[in-house]
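*Asks:* Position 323 of the sequence shown, counting from 1, maps to 334 under the numbering used here, and the rest follow consecutively.
For each residue, glycine too, the CB sits at the ideal point set by N, CA and C.
Please read through the structure below; I'll follow up with questions.
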Amino acid sequence: MYKKILEYTGKYRKYTYSSIVITLVAVLLNALPFLIAYQLIAPLLGFGEIDSSGIVWRLIAIAACVTLYALLYPFGLRLSHIAAFNTLKNLRISLQKRLEKLPLGVIQEKGTGTIKKMFVEDIEAMELLLAHAIPEGISNIAIPTVTLIFMFFVDWKLALLCIASLPIGMIAMKMMYTSGTSKMGAFYASAQKMNNTIIEYVNGMEVVKVFNRDGESYRRFETDVKSYRDFTLDWYKECWPWMAVYNSALPCVALFLLPVGTWFVLREWSTLPNLVLVLCMSFSVGGPLLRALGFASTIPQLNYKIKALEDLLDHSELCCSNGGFKGKDHGISFENVRFSYTDTEVLHGVSLDIAEGSLTALVGESGSGKSTLAKLLVHFYDVNGGSIRIGGQDIRDMSIEALNNEISYVSQEQFLFNISLLENIRLGKPDATDKEVMAAAEKAQCGEFLSRLEKGIHTLAGDGGKQLSGGERQRISLARAILKNAPIVVLDEATAFMDPENEAKMNAAIAEIIEDKTVIVIAHRLHSIINADQICVMANGDIAACDTHKNLLHSCGEYQKLWNAAQNSMEWKVSSEKEAKV
Ligand SMILES: Nc1ncnc2c1ncn2[C@@H]1O[C@H](COP(=O)(O)OP(=O)(O)OP(=O)(O)O)[C@@H](O)[C@H]1O
Ligand SMILES: [Mg+2]
């Protein structure tokens, strides 16, 4: 699993390895003074000659070790941090690339909160693994191991006494992991739920206020925050007693060594110099071991986060190849297309042919599947059955980029990035000049509202475009599509938010941009599409009829119903306007 994470280190992997070597040397230098201290103490206890020049050299050696440790340790950590933060960057970029290829449904299912948590917090947690746990953990394990081996050479009985307290700490740690891990799943699920609720609460503030749902919405917010607290405390309560035992028992290597070792010396089973040496060396066992195991305690959490990341990374991608667009023209055919977002099928075998350069209108009741059909064409989702072809080429046989180049899609829910309106429009054609962007904005009837803004086209769109009205957002999205100038244009309710005056202007602009293009227009206002080459009436996830306005009025009951409703609303509007004048 860590191997997989290390794969993301890329060219910085050598930094990780260098940092392991450097921290290892640093930790060795940190342990060495205890050995030198023994050589200083031994003669004072009457073992060996007191050599005054040797004392000076040994003191210098201790100072050198401490200084080198102070220099090398931060240097090693610096390298591991460079590697770690670059790995985090690589992980985030590859996660974003994966997200691009995942069906929209998978992303929506996870929720914004969970995805944000993965991008920000879960990936950040890898920093502990890469920057600290790997270099420091490895070196802090290596030092006690080497020291213990050396101790066994000096006096195996004293070495055994030194490690006698370790099992207590190890058992406590094992218990801590076992009890902690059993709660981990529920703990993380609760954290993700809280994240999603907080984001939903903030995003839905408008609805909360309008419908006076402050109390209810807050209660859900409060419940999730409280349940997260309860899960956290529950988790810690399981771990605390064991944590206390292992924190106190593990570093206490002198627990048996000092009393039993002294007894061994008195019984002449061991010697005093050996006891002093082993005691000095034991100081470099407990501390590093505790630090290393401290990192180990974070591993179950990391495991969980890595697994969640991998689950997302491993989710089956959209079915598409790397090929380019090779269609013979830009005619579109839906062949027996079936699709379901969840368990319920929403499109039941839709077949529809759209000739190149023609204008097709999709009409039908709300929820009949119009937007879904458009989303399948732009390959937001994979069809569950049947196929969609452009110029004879299945859209699954081309890359998402290749397909995107062929289609300008203005969706029902316009989203603007919080960058200037100019840059938002330029997304349609990244290499467009400012002049081209302005011209597209003008064509999409943005001129009038842009002139009202203090900074004009350089105004920031706000979070998700929230600083603009619905109609203004639609015009910016349309300008983006105009600039893109792709051979296929899909407009999903592109003028739904507009007032009649702007709608008329906009329809004129649309008429201009769709000339010579293959166009699909989804519209509720039937008057704007009566001249379409074909009007397809959708009902309950299928196409009820497909013909011209004139023919449908005679042959399709569903269309007559829609048309009558549209007529009634027009009459209602005219009469209310008349009444207003009276
Ligand atoms: N993300 C989604 N997850 C689950 N079901 C969805 C999702 N989006 C749409 N649906 C369902 O699919 C069906 C078709 O929805 P679609 O948005 O295509 O309708 P529509 O014809 O565009 O309606 P409208 O005219 O209101 O825009 C509806 O029953 C809807 O509830
Ligand atoms: Mg729709």
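According to DSSP, is E588 helix, strand or coil?
*Replies:* Because the pLDDT of E588 is 49, which lies under 50, any placement of that residue in the model is unreliable, and the question is left without a value.
*Asks:* Taking only the alpha-carbon atoms, compute the straight-line gap between A413 and Q485 and give it to the nearest angstrom.
*Replies:* One C-alpha to the other measures close to 25 angstroms.
*Asks:* For L159 and W274, I'd like the C-alpha separation in whole angstroms.
*Replies:* Looking at the two C-alpha atoms, the distance is approximately 21 angstroms.
*Asks:* Run through the DSSP bridge pairs and tell me what S64 is partnered with.
*Replies:* Answer by DSSP bridge pairing: none, since S64 is not bridged.
*Asks:* How many angstroms separate the CA atom of T444 from the CA atom of H469?
*Replies:* Each residue's alpha carbon lies about 14 angstroms from the other.
*Asks:* Just to check my reading of the structure: P114 and D393 have Cβ atoms closer than 8 angstroms, yes? What is that Cβ distance to the nearest angstrom?
*Replies:* Their Cβ separation, rounded to whole angstroms, is 6 angstroms, which keeps P114 and D393 in contact under 8 angstroms.
*Asks:* Give me, in chain order, the residues of the same chain whose beta-carbon lies closer than 8 angstroms to that of M137; leave out the 5 immediate sequence neighbours on both sides.
*Replies:* I16, A95, T98, L99, L102, L313, K316, I317, listed in sequence order.
*Asks:* Does DSSP put A577 in a helix, in a strand, or in coil?
*Replies:* Helix, per DSSP.
*Asks:* Select from D553, V548, M186 the residue whose C-alpha is nearest the C-alpha of Q571.
*Replies:* The candidate whose alpha carbon is nearest that of Q571 is V548.
*Asks:* Would you kindly work out how many angstroms separate the C-alpha atoms of S379 and L537, rounded to a whole number?
*Replies:* Roughly 16 angstroms between the two C-alpha positions.
*Asks:* Any heavy atom of ligand 2 closer than 7 angstroms to the Cβ of D553?
*Replies:* For ligand 2, not one heavy atom lies less than 7 angstroms from the Cβ of D553.
*Asks:* Which whole runs of the beta strand (DSSP E) in the stretch 473-508 are 3 residues long or more, in chain order?
*Replies:* Fully enclosed beta strand (DSSP E) runs of 3 or longer: 499-503.
*Asks:* Assuming the contact rule is C-beta atoms closer than 8 angstroms, L172 and L277 should be a hit. Round their C-beta distance to whole Å, please.
*Replies:* In fact, because the Cβ distance is near 14 angstroms, the residues do not count as touching under 8 angstroms.
*Asks:* Looking only at its chain, what residues have a beta carbon closer than 6 angstroms to the beta carbon of N41, apart from the 5 residues adjacent to it on each side?
*Replies:* Same-chain partners within the cutoff: Y80.
*Asks:* Nearer than 7 angstroms: is that true of the beta carbon of S362 relative to any heavy atom of ligand 2?
*Replies:* Incorrect: S362 has no Cβ contact closer than 7 angstroms to ligand 2.
*Asks:* Grouping DSSP H, G and I as helix and E and B as strand, with all else coil, what is Y239?
*Replies:* Y239 falls in the helix class under three-state DSSP.
*Asks:* What do you reckon, is the C-beta of K386 under 7 angstroms from a heavy atom of ligand 2?
*Replies:* No.
*Asks:* Compare the C-alpha of D553 against each of F460, E346, E447 and name the closest.
*Replies:* Checking every option, the nearest Cα to that of D553 belongs to E346.
*Asks:* According to DSSP, simplified to helix, strand and coil, what is L90?
*Replies:* Here L90 sits in helix by DSSP.
*Asks:* Is it the case that the Cβ atoms of V157 and L288 are separated by a distance below 8 angstroms?
*Replies:* Against a cut-off of 8 angstroms, the Cβ pair of L288 and V157 comes out as no contact.
*Asks:* Would you list, in sequence order, the uninterrupted beta strand (DSSP E) runs of no fewer than 3 residues that lie entirely inside the stretch 288-339?
*Replies:* Correct list: empty.
*Asks:* Quick one: is the Cβ of G196 within less than 7 angstroms of any heavy atom of ligand 1?
*Replies:* Incorrect: G196 has no Cβ contact closer than 7 angstroms to ligand 1.
*Asks:* Which residues mark the beginning and the end of the alpha helix (DSSP H) in which Y420 is found?
*Replies:* That residue, Y420, is in no alpha helix (DSSP H); its beta strand (DSSP E) goes 418-421.
*Asks:* Based on the DSSP secondary-structure assignment, which residues constitute the bridge partners of H359?
*Replies:* DSSP output for H359 lists R349 as bridge partner(s).
*Asks:* Going by Cα to Cα distance, which pick from I154, V38, Q425 is closest to F86?
*Replies:* For F86, the nearest C-alpha among the options comes from V38.
*Asks:* Let me make sure I understand the geometry here. Which of A490, F460, I436 has the alpha-carbon closest to that of K454?
*Replies:* Per the Cα distances, A490.
*Asks:* Can you tell me which residues fall inside 7 angstroms of ligand 2, judged by beta-carbon distance to its nearest heavy atom, and keep chain order?
*Replies:* Answer in sequence order: K381, S382, Q423, D503, E504, I533.
*Asks:* Could you tell me whether the Cβ atoms of S488 and N518 are closer together than 8 angstroms?
*Replies:* No, they are not a contact pair.
*Asks:* What residues match up with R400 in a beta bridge as DSSP calls it?
*Replies:* Looking at the DSSP assignment, R400 forms a beta bridge with S344, D405.
*Asks:* So what's T158 in DSSP terms, helix, strand or just coil?
*Replies:* T158 falls in the helix class under three-state DSSP.
*Asks:* Pull up the distance between the alpha-carbon of N206 and that of F460, whole angstroms please.
*Replies:* Roughly 37 angstroms separates the two Cα atoms.
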